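Q: So the number in this note's numbering is just where the residue sits in the sequence shown, counting from 1, plus 98.
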Amino acid sequence: MEQAEQSGRRTDRRSFLLKGAAVGAGAIGASRLLSAPRASASGGLTKGDVAILQFLAAAELLEADLWEQYNELGGIQDRERPGGTGNKAYTRALSVLDKDIPQYIHDNADDEQSHASFINAYLEANGADPINLDKFRTVPGSKATGARQIGRLTNLMELTIDTSWWTRYRSHSKNPDLGDTLPQAVPDLAVGKHPAIPRSDDDLTPHRHLQAIANTAGFHFGTIEQGGASLYASLAQRVTNPEVLRILLSIGPTEAMHFQTWQDKAGNAPPLTDPTTGLTFPNLNGGGALFKPNLIMPEPTSFLDRKFPACSIIRPSATEGAALGAAKFLTAMGLFNGQSPDFFAGVKALAEAADAAQRQ
Ligand SMILES: [Fe+2]
Ligand SMILES: [Fe+2]
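1. Answer with yes or no whether the minimum CB distance from leucine 448 to chain D is below 8 Å.
2. Roughly how many angstroms lie between the CA atoms of aspartate 209 and serine 438, to the nearest whole one?
3. Grouping DSSP H, G and I as helix and E and B as strand, with all else coil, what is isoleucine 412?
4. Can the beta-carbon of phenylalanine 317 be found less than 8 Å from the beta-carbon of isoleucine 259?
5. Since alanine 334 and leucine 347 are thought to touch, with beta carbons under 8 Å apart, how far apart are those beta carbons, to the nearest angstrom?
6. Look up leucine 402 in the DSSP assignment and give the residues it is bridged to.
7. Return helix, strand or coil for alanine 454, following the three-state DSSP convention.
8. Cβ of valine 445 within 8 Å of Cβ of alanine 214?
9. Measure how close the beta-carbons of leucine 171 and serine 240 come, nearest whole angstrom, since I'm counting them as under 8 Å.
10. Is alanine 449 buried or exposed, if buried means 16 or more other CB atoms sit within 10 Å of its CB?
11. Taking buried to mean at least 16 other C-beta atoms within 10 Å of its own C-beta, is methionine 395 buried or exposed?
12. Would the beta-carbon of isoleucine 349 be found less than 7 Å away from any heavy atom of ligand 1?
13. Could you name the residues of the same chain whose beta carbon sits closer than 6 Å to that of glutamate 103, not counting the 5 residues immediately before and after it, in chain order?
14. Quick check on phenylalanine 389: buried or exposed, where buried means 16 or more other Cβ atoms within 10 Å of its Cβ?
15. Considering Cα atoms alone, identify which of His305, Asp147, Ser415 and Ala162 is closest to aspartate 232.
16. Quick test of your reading: valine 148 and leucine 257, contact by CB under 8 Å. State the CB separation rounded to the nearest angstrom.
17. Quick one: what's got a C-beta closer than 7 Å to asparagine 218's C-beta in the same chain, skipping five residues either side?
18. By Cβ distance below 6 Å, which residues in the same chain neighbour proline 407 in space, the five residues on each side in sequence not counted?
19. Would you tell me roughly how many angstroms separate the C-alpha atoms of leucine 159 and glutamine 211, rounded to the nearest one?
20. Arginine 404: which of Leu276, Gln152 and Ala191 sits nearest, CA to CA?
21. Look at the alpha carbon of alanine 137 and the alpha carbon of glycine 325, and state the distance between them as a whole number of angstroms.
22. Are the CB atoms of serine 400 and asparagine 273 nearer to each other than 8 Å?
23. Around the C-beta of asparagine 381, are 16 or more other C-beta atoms found within 10 angstroms, so that it is buried, or is it exposed?
24. Heavy atom of ligand 2 less than 7 Å from the Cβ of leucine 353, yes or no?
25. Would DSSP call threonine 314 helix, strand or coil?
26. Do you know how far the Cα of phenylalanine 379 is from the Cα of tryptophan 264?
27. Do you know offhand how far isoleucine 126's Cα is from glutamine 152's?
Below you can see the structure in the form of structure tokens.
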């Protein structure tokens, strides 16, 4: 009884995120109570498949929102991605990392929107509810020249960025799935709150302050995309329908392609100290093999069990609690600073439902 009530509440919170709020009775919570949920809850999808796809749809909408903000200021605004008018000084600072960065930002933004749109359309085609976060587009965005003045889902101006992926992919023995922790590439980014876009035109000077903001973006790009690569690898292990597996195995590696590009570009971020904030980007060429910028191919490392030979892999990829882990990772990053309690409750409910999914 108590469990049923809890699952009812969970469904209520989740319905805030669903278009039309037409959630079947106990749709999500119920699957946690059944030892063997029926294999075709909607179309050919199990309830678990639906829950995983719904969580991924939400994650992709959030990714699309953050990439759209980067594109408005530092990407290419065109018919495909029309928002914003660009910020010349910020775009120039980003281009220090690679002159093609505006194109890459544009295409990454385009990819994320395509992921969100596809997953939502697929859910609908299979009789399941798509995810719509529009009511949460309330977070203030950049006031700098080039940005649209609209509410956002995500906040790119108070980030605390975990850059341990840099050393994790360069380590030949450690793996977070085996309990290992690895050092930060940019320790200053892992503490405090840092803008990755200019908050206003006041952030466009002095020059090294703006470059520090562009460098922050450079590392944030990689942080987001390596997380996406791990998320798909982790959740794919618990889907049931082969076509849903195909979706996860086809989208996930594009996140890894993004990551590969971004970690290459992050390595070009010039070492410097922001004269305004003291934020320091170290010289990664001076720190040994765990930090060396040109080691962008995933170093073979321990996988599953240390008794096996080292293997070049996505890491982490453990499936248990992966969705909630991703939600916590993004929350701890400050990406949702300014969001409403309903938003956090809704994301948590979607993550818990995805983590309750079991492969049938
Ligand atoms: Fe994506
Ligand atoms: Fe992505």
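C-beta atoms are modelled at their ideal positions from N, C-alpha and C, and glycine is treated no differently. Keep in mind it's a predicted model, so treat the numbers as computed, not measured.
A: Based on what the coordinates show:
1. Structure shown: chain D not included; a single protein chain is present.
2. 27 Å
3. coil
4. yes
5. 6 Å
6. In DSSP, leucine 402 forms no bridge with anything.
7. helix
8. no
9. 6 Å
10. Label assigned to alanine 449: buried.
11. exposed
12. yes
13. Because glutamate 103 sits at a pLDDT of 39, beneath the cut-off of 50, its placement in the model cannot be relied upon, and the following sentence gives the value as read from the coordinates. So no residue of the chain qualifies.
14. buried
15. Ala162
16. Not quite, the Cβ-Cβ distance comes to about 32 Å (not below 8 Å), so this is no contact.
17. Cβ within range, chain order: Ala155, Pro228 and Ile229.
18. none
19. 7 Å
20. Leu276
21. Confidence is the limiting factor: at alanine 137 the pLDDT is only 41, short of 50, which leaves the residue's position unreliable, though a coordinate-based value still follows. Going by the C-alpha atoms only, they are around 29 Å apart.
22. yes
23. exposed
24. Sequence inspection shows glutamate at residue 353; the leucine mentioned does not correspond to that position. Yes, ligand 2 has a heavy atom inside 7 Å of this Cβ.
25. helix
26. 13 Å
27. Low confidence applies here, because isoleucine 126 scores a pLDDT of 43, under 50, leaving its location unreliable; read the following figure in that light. Looking at the two C-alpha atoms, the distance is approximately 11 Å.
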